[in-house]
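Here the protein sequences line up with chains F and R, keeping their order. Quick note, the working numbering runs 833 ahead of the 1-based positions in the first sequence. Quick note, the working numbering runs 322 ahead of the 1-based positions in the second sequence. In this text, a Cβ means the ideal position worked out from N, Cα and C, and glycines have one as well. Working notes for the structure below.
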Amino acid sequence: MSKQTLIGIDVGGTFTDIFVINQQTGESSVHKVASTRGREADGFFTGIAAGVEDVSSIAAIIHGTTVGTNALLERKGASAGLITTEGFRDILQMRRRDRPTTWGLWGQYHPVIERAMSIEVAERTLADGTIHTQLDESAVRHAAQQLLAQGAESIAVVFINAHANNNNEKAVRKILQQLWPNQHISVSSELLPEIREFERASTTALNAYLQPVVGNYLTALDQRLKNEGFTGEFLIVQSNGGLMNSASAAQSPVKTALSGPAAGVYASAYLASQSGFDNVITCDMGGTSFDISVVADGEAALASQSSVDFGLVIRSPMIEITTIGAGGGSIAWIDPEGMLSIGPESAGSIPGPVCYQRGNDRPTVTDANVVLGRINSNSPIGGQLNKLDTEAAADSIRRHIAEPLNMDVMAAAEAIIDVANARMAGAIRLVSIERGHDPRKFAAMPFGGGGALHSCALVREIGLASALIPRYPGIVSALGCVIADMRQDFVRTYIEPLSTIDIDGLCTVIRDFGHQGAQQLNEAQAEFSSIENRVSLDMLYMGQTHTVDVSLTTDEVTSLCRDSLKAAFERRYLHTYGRLLENVEIGVINLRTAVIGKRPKFDLSTLAPDNIHTVDEAITGIRQVYFDGKSHNASIYDRLTLPVDAVVAGPCVLEQPDTTIWIEPGFSATVDALGNLIVAEVR
Amino acid sequence: MIDPVLLSVLRGRLEQVADEMDATLFKAAFNPIIAEAHDASHGFYNAKTGDTLVQGKFGLPVFVGAMAFAVRAVISYTAEHGLPEPGDVFLFNDPYDGGTHLNDFKLVQPVFNGDDIFCYMASVAHWHDVGGNVPGNYNPAATEIFQEGVLIPPVKLVRGGELQHDILNIVAANTRLPTSMHGDLNGQLAALRLGEERLNELISQYSAPVLLEVLVELRQRAAAQMQRHITKIPDGTYEAVDYLDNDGISAEKLIVKVSITVLGNTLSIDFTGTSAACSGPVNIARSTAEASIYVALKHIFTDVAANAGVLDPVTINIPADSLMDARSPRPVGGYTETILRVIDVIFVALSKAIPDMANGCAYGTINALSIAGHHTTEDGQQGSRWVMFSFFGGGHGGHPLGDGLSHGNAPISMATIPPVEILEARYPIRFTQWALRNGSGGPGKHRGGLGGLYEIEVMCDAKGFLFGERGKFAPPGVVNGEAGALNKFTFDGKKPDGTIETGQFSQTPEMVSKITGIELKKGQRVRLQTPGGGGYGKALERSATDVLTDVQNGFISTTAARESYGVVIGTNGKIDDSATSRLRSSRLQEAASHE
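See the structure below:
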C-alpha cells in the first residue's frame, strides 16, 4: 500500500495546528498543540505525533511557518554582509527617501545590514545592460574575506542594473562558492531580476538575514523527519500561497515571510468557491491584530511587495494582507481627547485579556465579549485555560471605560465592541475601495479564533451580502497547507515601447520560464494533477509610473502579437481607470510568469456534518447575551452537531472547540452542504 | 452631550471618507507627482467659515492647513457673485487666496442637505505643468507670477452637474501636458463624486444635525487637547531667527524671525522682524504661512486631531507685505523653501520651552534638481526633449528617542524619490554616487541624520537647473545640539582646451544652491551634497560607544569623534577610555567657564 496520508501543519505564535487526511479513505482529523516559541521544531514534532503514529505512512507534510516572520519582527536574523557596486554602499540606508509617519519627525531606521558590513567593489552595468566597468574580482575576494573576518554568517550581493545584465553578479557567485564557508549566499538577480535597486537590495538583504535561521530550521526538520523514517514530500507554504520544496525555501526564505497567514487566505478562497462564493473578504482576528484579505472571482489578491517594518521591504508576490491593531487582546482606552479607542496597544495572548488572569488589568476586546456573554467563560476555546474570569473583566471595564465615560459596565462593554467593529468595517471598506471593489458584493469570511464573534456586525455595518463561516475556522491555515498548489515565480524587466519590443524574444522567454518552472517542479518530487503557466505583463503608458497588471489568457500567450497585447492592455487599463489615453505610446516594463503545479484536491465533503442529529439535539443551553442595550435569552448550540440545511435564528451562540459564533437578533445562520455556516440578515 | 461611542464611530467614518477620496485620486491620476508622491489632499470644511472639519490621512501635510483658505476664497466669491447650487464645482489655483503655488489646482464643491449647504468638500492636487517660463514651473528666476504659469480665479467648472467645456478648454490651452491635466482633473472629480455619495449615506443614516454636532465636538476636543499641551509649556516668550540664502535674484539673505509667547493655555506666534517681500520666487502668501504653522505644530503635538481646532488656541501675527504675506504679482513658485524655514524657527523657538518634545531641524530645502536635454536620434539628429526632475532628500533632526533619520523626505511632504535604476533607464544620465553624506549630521547627544551625496554624470550634452537653499545657513540643532552640514552644489569644470576635468567638482554656482541652466557636456558630472539634520542635546553627552559605532560605519571621522564629541579612538580602533574622560571633562570645564 502506498503512502496516503497528507499532513498540513501550521506553526503559529501560540498554537500549532495539524490537519491530517487520508487521501484514499477521506478520513480526516484535526489537532492543536501548544507552539514552542524558540524551539519550533519541538512543537512541530509533537504536532506530527498527535496526527499520525507512523511517519513512514505520510505521503506529504506541508508546512506553514512563522520562523521567518518572527526572526524579522524580533530582529533575530543572522549577521549578514553586503557586496555592492562602487558608489552604492548605502543602497539600503538610502531607501526611497521616506519616513515612517506623516506627523512627527522622530522616525528611525535600522537596516538589517549595517554600513560597516557593506563593501563596495569596482564594477558597473548601465541601464541598457552594457558593462561600463568590468568586475574587479580580486576586490570581491578581499571583500568576502573581510566580511568573514567581521563575523558575517551570510552574504548578499547587489549590483546596480543587475536586472538588465547579471554577468557581474554571476561572476561574484562563482567566486563566493569557492571561498564562502556555507550555502548562505543571496544574489539579487537570482532572487529578483527586476528594476528598482532599493526594493531588490532590501529583499536580497532580508533573504541573507534569514537564510541561516530559516535554512537551519528547515534542514534540521528535514534531517529529523528522515531519521524517523519519513520518505514523503516536505513542502513549505510561500507568502503567495503556493508551495515550494524545503530546499528552495531554505535558499529563498524571504519568500516565506507570510507563510502561515497566506495558507489561511488561500484555503479560504478555495473553501468559499466550493460553497459558491467567489467574492469574499477574509478576516483573521488574532490576539493582537485583525488581518483582512480580498478574494475576488475566486482568486486571493496578491501584493507585489510588503514591508515588515519601516524600510524593510520585501518585493515578491505575496497574498495581500492588510492589518489593523484590533485583535482580541487589543486594549480599550480613553484617548487624550476623551474618546474611546481600541489598540494599537495589545495584551496579546501573553499576558492576554484581563479574564485570563495572567497579569494584565486593562480591558481588551475579548474581555468585552466575555462580559457581554458572547464568549462562554466556562469553556474557553483552544483548551489552554479552564475558565475565564468574567468579574475581573467587568471590573476592569468599569474602572477604565465605564466610569470615565459615565456609563454602566454593560453599555461600556458593548461600546468597546462597537468601536472595534467600526474600525474593522472601516479597514474593510478602504481595502476594497483601493482595489476597486464594491464591498457590498462581498461576503465576510472569518477564520482563526475570534472573527466569528463579529461577523454579523461587519455584515450590518458595511452592508455585506452575508458572512461565510468555515466549518473549522481555527485550522483553516493548516487546511490551506494541504490544499495549496506548488508555485514558481519568474520575472524579467524590459522597459520598452510595445511598438518596438521583440515579440519573438518575449515568446522565447515565456517558453524558457515555463521549462525552468516545470523542471523545478519535477525536481521537487511532488505529485501534480496538472501544470499551469500564468503569464502577465506590467504595462503602462510611457511616462507614467504606475503599471497595470495585464494577465494573458492561454490563447493570448500562444498567439502573442502586438495587437493582442495592445488590446489586453487597453481592456485592463479601461477597467482600472475608466478611460484610455490617446496618442500615448504603450510600454512593457516587466514580464512575469508563475508556473503552478496543481496538487490533487481532496473531497471537502468528507469534512461535512454527519447528519445524524436534529437541530434541537444541538442545543446545549441558554445564556444571557447583552446586545443593543439590553439582555437577550440566547440559545447555545454545539455547532458541529448541526446537520446540513439546519437554520438557526439569532439571538444565539454557536460553540465549537476552535471558535465561537455570535448570531445577532435579526440574523439567521444556515448550514450548507459542506458544513459551512452562511449568516445573513433576515429580510 | 453627544454619545461618546457615536463620536468615536463617526470620527472614524468621516476620516475614512476623506481617506477614500485620497485613494481614488492616487489611483486615477496620470501624473507621478500625484500618483507616486501623493502631492494632493482631500477634506471637508465648514459651510460658513471654511474651517477644516476633517482631513484625509494620506495627503500632503502642508495642504491640510492651506485648503481651508481655498474654501474661504470660494465662499467669499459666491457671496459676491451668487450662491452655489447643487451640482456646482469650483476650480481655481490663485495662490494668494488659496495658498501654495500655481501648480496646485483646487476643486471645491458644496454638499447640500435639502436647501442648505451641509459642508464643502475640497480636492487639491499638483498638476504637472501650468504654463509659464519653465516646464514644471519651478522657475528660480521668476520676478512676477506671470512667469510661473497661468492663474485661474474661482470659476464654476461644473454648473449644476454639467462640466463647462469652454472653461476646461481655457485651462487645457495653458499647459504643456494637456493629457496629464485631463487625467488628473478626472481623478479629482471622481474623488469628489465618491465623497458626496459617502457623505449623503452618512447624512441619511445619522441625520445632518447629528453629524454637525459631531463635527463641532471634534473640533472642540482638538482645541481642548491643544490647550492641554500649551498649558504644560512654561509661560514666557521664546524666539528664534533663521535665514534664506537669497531669493534667486539678488545675493542678499532673507530673515525669518519668530517670537512665540505662551500665556496659560494660549500661544501667540509673531513673525515681526521677518524680511519684506522679495523680488524672487521665495515669497509665500499669508494662507501658506498659516498652513506651515499648522504643519509645525502638528509635527510637535502629533496626537491632536487634524482639524481647525489645532489653531483655535493660537493667534498669529504676520507683518503686512512681508516675505510671508506675498500679494499679486509677487512670484511664489519656490514657496517650499520659505515654509520649511517657518517650520524650523517654530521648532527652535519651542525647543527652548519644551525640550522633551523637540527635535533638531531637518535638512530644510526641497532641492529641486532638473537635468534636461534632447535625445539623439539614430541618424545623429536632435530628438525629443527629456527632463529629469526630482526633489532630493536630507537628514532629519536628532530627537529625544534617538538619532535623526538619514535621507528622509521634507517635513511638508511624504513624497518618495524615484529609484536610481528608473532614472537611469529613462534619461541619459548615470549616478556615480548615491550615498549618505559622511559627517553631515549635526553633532549632539542624539545626532542629526545624514544628508545625501549624489553625483550624476550626463551621458550627452544637457542643462542643469537647481532650486535649493541652506547653502549658507545650516539646519540648527536644539537643546545644545549643533547644526548639520550646509547644502553644497558643485560641478565639473573645463580646462582651457574645453576638456572636462571629470570628478573634480571645481565649480560652484553664484547663487549657492540656485541655478538656471548651466551647460553640461557629455561626461561632465554634478555633485549635490544635501544637509544633515540638526543635533539634539550636547555632543559631549553622546555615549562613547555610539560615537565609536559612527566611526566604524564611517558616518563620522576619528577627528570628528575627538573634536565634536570628545571621544578619543586609539589606533587599535577602540575607545581610549582615560583619554576620552580627560578630554570630555576639560571640554565641559571650558564650556562652563564660557557660560
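Three-state class that DSSP yields for residue i in the structure shown
i, result
"L1354(F)", "helix"
"G786(R)", "strand"
"N875(R)", "helix"
"I324(R)", "coil"
"N1254(F)", "helix"
"F813(R)", "strand"
"N903(F)", "helix"
"M1243(F)", "helix"
"S572(R)", "coil"
"L940(R)", "Given a span of 323 to 917 for chain R in the structure shown, any question on residue 940(R) remains unanswerable."
"D1345(F)", "helix"
"F593(R)", "coil"
"N1112(F)", "coil"
"R1320(F)", "strand"
"H551(R)", "helix"
"N1202(F)", "helix"
"D416(R)", "coil"
Cβ distance (whole Å) where residue i is taken to contact residue j below 8 Å
i, j, result
"P651(R)", "P603(R)", "Contact doesn't hold; Cβ gap of about 11 Å is too wide."
"E1002(F)", "A955(F)", "Going by Cβ atoms, the distance from E1002(F) to A955(F) rounds to 14 Å, so no, they are not a contact pair."
"I734(R)", "M679(R)", "The pair is not a contact, with the Cβ atoms about 20 Å apart (cut-off 8 Å)."
"I1152(F)", "S1072(F)", "6 Å"
"L514(R)", "S445(R)", "6 Å"
"G852(R)", "Q829(R)", "For the record, residue 852(R) in the displayed sequence is Thr; it is not Gly. That pair is no contact at about 18 Å."
"A1165(F)", "I1249(F)", "4 Å"
Pairwise C-alpha distance: residue j and residue i
i, j, result
"I978(R)", "G790(R)", "Coverage of chain R is limited to positions 323 through 917, which leaves residue 978(R) absent and any answer about it impossible."
"Q703(R)", "P1330(F)", "21 Å"
"S1332(F)", "H360(R)", "31 Å"
"I851(F)", "A893(F)", "13 Å"
"L332(R)", "D1228(F)", "27 Å"
"F921(F)", "L980(F)", "17 Å"
"H1348(F)", "R1425(F)", "14 Å"
"L1413(F)", "S1369(F)", "20 Å"
"N760(R)", "A882(R)", "11 Å"
"S889(F)", "G880(F)", "16 Å"
"V834(R)", "L691(R)", "13 Å"
"T1453(F)", "T1115(F)", "29 Å"
"K896(R)", "L870(R)", "8 Å"
"M1077(F)", "I1069(F)", "5 Å"
"S907(R)", "D564(R)", "32 Å"
Sequence-distant residues of the same chain with beta carbon closer than 7 Å to residue i, five excluded per side
i, result
"L1297(F)", "P1272, R1273, F1275, A1276, A1277, L1291"
"Q926(F)", "P944, R948"
Sheet register partners of residue i (DSSP bridge)
i, result
"S1022(F)", "Per DSSP, none; premise fails for S1022(F)."
"A1311(F)", "Beta-bridge pairing links A1311(F) to no other residue."
"S1118(F)", "Checking the sequence, you will find Met at residue 1118(F) rather than Ser. DSSP, once it has assigned bridges, lists F1123(F) as partnering M1118(F)."
"E1365(F)", "I1429(F)"
"G774(R)", "L758(R)"
"W708(R)", "G695(R)"
"E779(R)", "R752(R), R847(R)"
"G334(R)", "Looking at the DSSP assignment, G334(R) forms no beta bridge with any residue, so it has no partner."
"E561(R)", "S581(R)"
Cutoff 8 Å; reference residue i; Cβ partners in own chain excluding five residues on either side
i, result
"A495(R)", "none"
Same chain, Cβ closer than 6 Å to residue i, five either side skipped, listed in chain order
i, result
"G884(F)", "I840, I851, V853, H864"
"A1502(F)", "V1481, I1496, L1510, V1512"
"L336(R)", "V376"
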